[in-house]
Amino acid sequence: MAARVVRESGQDPDVVATRGQLLGEASGNERRLRWEVVRQDADPHPGLPPRRSLPGAARTRKALAAAYDSDGGPPAGDEPAGAAPVGRVRPGPHVATDPPATRTLGEAPMADRILFVCHANLCRSPMAEYLAAQLMAKLPVEVASAGTDAVDGRPMHPYAAEVAAETGREPARFRSRALTAAHLADAALVLTSTRRQRSVCVSLAPAALHRTFTLRQFGRLAGAAATPDGTDTGALRAAVRAAALARGLLQPAAPSDDDLLDPIGGTPADFRRCAREIERALAPVAALIEAAG
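For the sequence shown, this note's numbering begins at 6 and goes up steadily by one.
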């Protein structure tokens, strides 16, 4: 089965909590979940005998903890002027290419789907969605995208649309989607553009913690992961597990290396530079999923 792009329409009222409930849960859980992400990066196998630390591991753990503890805002260029606060969820209609799912959250198993997340779902995550659909066309996965602060129904940024059009798929049908807990629950793998967006995702859907990474982080881990066996779990889930087992063994020189800079406000060359970064991160991911199949 080829990679399939998912654009859902409508929302079951049983699936998505009210905006106030989601924001309250996110606010209450965010600090604990941020620390849990840091702890897992440092020790992905809690309860097992400690491994011999890699050189600089203690410094890495301290750097990650400091980064999450002080993560009060996005990297420079991540948030456009006048943007709404991160975590605001706006339910609304979406462009449909598949029938909408009607079920209670957690009632059915998650799909073999990769969800790409950025701020407004206009630049980075749409480009990642389209590039992944092209790169993984022969793999048994679906791809979709959403934004932590997206407004439903907006077209892709024109410069991002130029990149998307080169994949052979028509970007004109694309419409932005505001991220919901249901989107996160339905994805076997969540790939965000920044560490801050990763934190927002696990705040909205704590159960997604073990399958939520930044795109560049997961690409790096996928390149270092052992070849997985997807016979029982499926190729995508096996790839996620293999990459998670490498978590804490291979960290960047600086935590900010995991962030994908926002090209918004830049030139077409800036968008193409961002697209190349996305492609570099996706290549080992596609290879790992293929190996698992």
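All C-beta atoms in this analysis are idealised placements derived from N, C-alpha and C, irrespective of residue type, glycine included.
The beta strand (DSSP E) enclosing residue i, as first and last residue numbers
i: I119; result: 116 to 123
i: G298; result: Here G298 belongs to no beta strand (DSSP E), and DSSP marks it neither H nor E.
i: L196; result: 192 to 197
i: T219; result: 217 to 219
Proximal residues to residue i (C-beta, below 7 Å), its chain only, five neighbours per side dropped
i: P307; result: Lying before the first or after the last residue shown, residue 307 is absent from the chain, which here runs from 6 to 298.
i: D263; result: R200, T219, R221, Q222, P257
i: D117; result: P145, V146, E147, A193, G239, L241
i: A170; result: P176
i: E134; result: V10, F121, V148, A149, S150
i: E284; result: L136
i: L255; result: R225, L226, A229
C-beta contact flag for residue i and residue j at 9 Å
i: A291; j: A137; result: yes
i: M141; j: F276; result: no
i: A192; j: R216; result: yes
i: D237; j: C128; result: no
i: L5; j: L220; result: With the chain represented from 6 up to 298, any question about residue 5 goes unanswered, as that position is not in the structure.
i: A227; j: A243; result: no
i: T232; j: A296; result: yes
i: A212; j: L293; result: no
i: A177; j: G224; result: no
i: Q139; j: G173; result: yes
i: K143; j: A8; result: yes
Inter-residue CB distance, residue i and residue j (contact presumed, cutoff 8 Å)
i: L120; j: A149; result: 5 Å
i: L209; j: L189; result: 6 Å
i: N126; j: A151; result: 6 Å
i: A280; j: V168; result: 5 Å
Residues that DSSP places opposite residue i in a beta bridge
i: S150; result: F121
i: A183; result: G152
Contacts around residue i, its chain only, beta-carbon distance under 6 Å, and the 5 residues preceding and following it disregarded
i: H162; result: L127, C128
i: A186; result: L209, A210
i: A62; result: For A62, the predicted structure reports a pLDDT of 38, less than 50, and the residue's modelled location is therefore unreliable. A value from the coordinates is still provided. Taken in chain order, the list of residues that qualify is empty.
i: T272; result: none
i: V245; result: L194, R216
Extent of the continuous alpha helix (DSSP H) to which residue i belongs
i: M132; result: 129 to 140
i: P163; result: 163 to 170
i: L241; result: 240 to 250
i: L209; result: 200 to 209
Nonlocal neighbours in the same chain, by C-beta distance under 8 Å from residue i, ignoring five residues either side
i: R64; result: Unreliable positioning characterises R64 in this predicted model, as indicated by a pLDDT of 41, which lies under 50. The coordinate reading is nonetheless provided below. Excluding sequence neighbours, R64 sits near nothing in its chain.
i: D234; result: A243, A297
i: G130; result: Checking the sequence, you will find Ser at residue 130 rather than Gly. Once the five neighbours on either side are set aside, the close Cβ partners of S130 are F121, V122, C123, S150, A151, G152, S198.
i: A155; result: R95, H124, A125, N126, L127, S181, R182, A183, L184
i: T23; result: Unreliable positioning characterises T23 in this predicted model, as indicated by a pLDDT of 36, which lies under 50. The coordinate reading is nonetheless provided below. Excluding sequence neighbours, T23 sits near nothing in its chain.
i: P90; result: Residue confidence for P90 is low, a pLDDT of 36 falling below 50, so the modelled location carries little weight; the figure read from the coordinates is stated next. The residues are D154.
i: R278; result: P268
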